[in-house]
Amino acid sequence: MKGRYSTVRSWRTADVPALVRHANNANIARQLRDRFPHPYTAADARRFIDGVVSARPVITFAIDVDDEAVGGIGFSPGSDVERYSAEIGYWLAEAFWGRGITTEAVRMVSAYAFDKCNVLRLFALPFADNARSTRVLEKAGYTREAILRSSSVKAGIPRDQALYALINPGWRGA
Ligand SMILES: CC(C)(COP(=O)(O)OP(=O)(O)OC[C@H]1O[C@@H](n2cnc3c(N)ncnc32)[C@H](O)[C@@H]1OP(=O)(O)O)[C@@H](O)C(=O)NCCC(=O)NCCS
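So the sequence shown is numbered by this note's numbering: it starts at 270 and just counts up by one.
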């Protein structure tokens, strides 16, 4: 998916060094779930890429600027009655923040999830005080639905999460 600022594409084994370079950053890890490791090692990068390269449909993407993977974005569908609902998540290398790259990527991946995968609802759960991320979601058209008080614990500290969602107006049915 080609945008003005980046191309959103599948991960490749050759992305391991770039992934380690950009993901190994405490300012990124502290806003994400603990499964995003810190420090972020080459073994972590290989394990992650091995786990996503052959998945179909592709739901986990690299954000590529000038032929380098500088971030990640993806969505993961729920199960049972939530199977048409998917959680979207993303991160970007710190050197690239503030240029509109992630907002554009969220727009592209949301359109892909709706059009190609018939997702009905996309939602995100940023920490409520992650102003950069909540701004991205608002700019991409997501609606703030709730504040989930003390819904998570990061580094031993209870944290509120904001629930944002976007509904597919063209959902094709079950
Ligand atoms: C959140 C993140 C993906 C944003 O990426 P980005 O490409 O910089 O986002 P954009 O440039 O599209 O938009 C950022 C917006 O936040 C605003 N912003 C920047 N610094 C801010 C701050 N300190 N407080 C509030 N808003 C801020 C920007 O001005 C911009 O809004 P604007 O276009 O209205 O001016 C990136 O900061 C990141 O990877 N953070 C760590 C991981 C993370 O938080 N992931 C999301 C988990 S839910």
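Beta carbons: idealized from backbone N, C-alpha and C, even for Gly.
This one's a predicted model, so the numbers in the text were calculated from it and none came from an experiment.
When the Cα atoms are used, what is the spatial distance from Asn437 to Ala380?
Working through the sequence shown from its first residue, we reach residue 437 at position 168. Working through the sequence shown from its first residue, we reach residue 380 at position 111. Cα-Cα distance, rounded: 9 angstroms.
Beta carbon of Val334: closer than 6 angstroms to some heavy atom of ligand 1?
For the purposes of this step, residue 334 is taken as residue 65 along the sequence shown, with counting starting at 1. False, no ligand heavy atom lies under 6 angstroms from that Cβ.
Range covered by the beta strand (DSSP E) that runs through Pro427:
As a working note, residue 427 is residue 158 in the sequence shown. Looking at the DSSP string, the run of the beta strand (DSSP E) that includes Pro427 is 426 to 436.
Close-in-space but distant-in-sequence residues of the same chain around Thr276 (CB under 6 angstroms, 5 per side omitted):
Position 7 of the sequence shown holds residue 276. Excluding positions up to five away in sequence, the list reads Asp333.
Can you say whether Thr371 is buried or exposed, counting buried as having 16 or more other CB atoms within 10 angstroms of its CB?
As a working mapping, residue 371 is identified with position 102 in the sequence shown. Buried, by the Cβ-count rule.
Give the DSSP-derived three-state secondary structure of Ala287 in the structure shown.
Numbered from 1 along the sequence shown, position 18 holds the residue referred to as residue 287. Reduced to three states, the DSSP call for Ala287 is helix.
Assuming the contact rule is C-beta atoms closer than 8 angstroms, Ala362 and His291 should be a hit. Round their C-beta distance to whole Å, please.
Taking the first residue of the sequence shown as position 1, residue 362 is located at position 93. Taking the first residue of the sequence shown as position 1, residue 291 is located at position 22. Correct: roughly 4 angstroms between the Cβ atoms.
Who does Arg299 pair with in a DSSP beta bridge?
As a working note, residue 299 is residue 30 in the sequence shown. DSSP output for Arg299 lists no bridge partner at all.
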